[in-house]
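*Asks:*
2 protein chains.
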Amino acid sequence: MSEAHRREKQPEQVRRSLLDQAARCAVDQGLGSLTLQAVADAASVTKGGLLHHFPSKQALIDAVFQDLLQKLDAQIDRLMSEDDSKRGGFTRAYIDAFFQVTLEGSESPWAALSISCMTDPHLRALWSDWMQKRLKRHAETDDHSDLKIARYAADGIWLANLTETNGLSAKELDALREQLKNLTK
Amino acid sequence: MSEAHRREKQPEQVRRSLLDQAARCAVDQGLGSLTLQAVADAASVTKGGLLHHFPSKQALIDAVFQDLLQKLDAQIDRLMSEDDSKRGGFTRAYIDAFFQVTLEGSESPWAALSISCMTDPHLRALWSDWMQKRLKRHAETDDHSDLKIARYAADGIWLANLTETNGLSAKELDALREQLKNLTK
DNA sequence: GCAAAGAAACCTACCATACGGTATCTTTAT
DNA sequence: ATAAAGATACCGTATGGTAGGTTTCTTTGC
């Protein structure tokens, strides 16, 4: 049946798979009706195996969220290092990061972040903290109402792409991105 | 015990109460952990009574959502009738409606709409439909990329206000709204 | 005008199931 | 040998839903 018992054990890989599949399930079924069994199945592990890696459901969810936040952090830092002009550097990176995520479609684990963020007050706080820290860190270059609007619009677009059954076309998205980035100049 | 059995029956009123309380519960506990019992209790009806009005949990949730969408529709229509310039009329009404909702804070039944919208894929589709119909209806006056960005930004702000533990200040919100509406001219 | 019948509104009691979590056992790696 | 990885079996509970009863409203026949 499950092959995890017979194959070579690569716990790190299993852990990764669990995180990814959990994110995926959260998108498909909504975090509320997310079930340990479903996640375990999707990762080809039994529920017991899952609970070995994450001692509770909440622990799993938290881990997913932290993982995604970490990736987002890295992504933004990378994008910022490629940006030579100072003003709005963070905002541009933010926009690009979000569009990149958006392009990956609703199957991307990133989509889970948003959903989790709304549902769970605890995660909401985490996100809020992250954002506020980041804003404070780049206050000198990115504290302007135009930039604020650009960031909010990026959020909205990202949200829309989750919401719409048929996401926006790549062409539309590209045009929107250009327009937003123009706002940051 | 429950007096619903002895009092004069006013099914319409009970139905309303069920919808309202369901919305309220969805805000408090999150839609995921929304329970029929809790809603029934809040409306002073037994679970059986609730299930008489709404044959399933999903039916109840859908009804709540539809109800709120209907209210939003009316609100937007009203705002549009007060707007004399043509271009961007819908977008301005959309922005105003969302800011009005945002100002009411997270206790408003509208907050439930948003959360539900993210969580439940089925509701996501309903919202998407609503939006697309509305956009088609106002294609002549509101199909422009600037307006699109303004709407997305409104979504983002609304989202941020749900997300942030301490919502944005009324002053900030006002400034943002003005700025957005300027984009629609 | 008024029973009687039928439908609608609502309640009580119950079932089935699915879910999170525990306890324990087997297999693999070091 | 020991610990980690993973599987299996099981438990308690809460929840959505069903069945069928009881009370109130509405319609119909006379």
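Protein chains in written order, with this note's numbering: chain A, 1 to 185; chain B, 1001 to 1185.
Don't be surprised by glycine CBs; every beta carbon is placed ideally from N, CA and C.
1) Check whether the Cβ of GLY1089/B lies closer than 7 angstroms to any Cβ atom in chain A.
2) Is the distance from the Cβ of THR102/A to the Cβ of LEU147/A below 7 angstroms?
3) Relative to the alpha-carbon of ARG1151/B, which residue among ALA1170/B, LEU1031/B, PRO1055/B and GLN1179/B has its alpha-carbon at the smallest distance?
4) Considering only the beta carbon of each residue, do ASP1155/B and LEU168/A sit closer than 7 angstroms?
5) Counting only C-beta atoms, is LEU147/A closer than 7 angstroms to chain B at any point?
6) Helix, strand or coil: how does DSSP classify ALA1170/B here?
7) Using a Cβ-Cβ distance under 7 angstroms, would ILE76/A count as near chain B?
8) Nearest chain A C-beta to LEU1168/B closer than 7 angstroms, yes or no?
9) Taking beta-carbon pairs under 7 angstroms, can you tell me which members of the region 46-72 of chain A lie near chain B?
10) Among PHE98/A, ARG134/A, LEU51/A and ASP20/A, which one has its Cα closest to the Cα of ASP67/A?
11) Scan the region 36-62 of chain A and note each continuous alpha helix (DSSP H) run of 4 residues or more that stays entirely inside, going in chain order.
12) Taking only the alpha-carbon atoms, compute the straight-line gap between ALA22/A and GLN75/A and give it to the nearest angstrom.
13) Would you say TYR1094/B lies against chain A (beta-carbon separation less than 7 angstroms)?
14) Is it true that the CB of LEU1050/B sits closer than 7 angstroms to the CB of ALA1040/B?
15) Among residues of its own chain, excluding the 5 on either side of GLU104/A, which ones have a beta-carbon nearer than 6 angstroms to its beta-carbon?
16) Mind pulling the chain B residues with CB within less than 7 angstroms of PHE179/A?
*Replies:* Let me lay it out:
1) no
2) Using a Cβ distance threshold of 7 angstroms, THR102/A and LEU147/A do not count as a contacting pair.
3) GLN1179/B
4) no
5) Not an interface residue.
6) helix
7) no
8) no
9) The residues in question: there are none.
10) ASP20/A
11) Runs of the alpha helix (DSSP H) lying entirely within the region 36-62 of chain A and spanning at least 4 residues, in chain order: 36-42 and 47-53.
12) 21 angstroms
13) no
14) yes
15) none
16) Note that residue 179/A corresponds to Gln in the displayed sequence, not to Phe. By Cβ distance, chain B contributes SER1145 and ILE1149.
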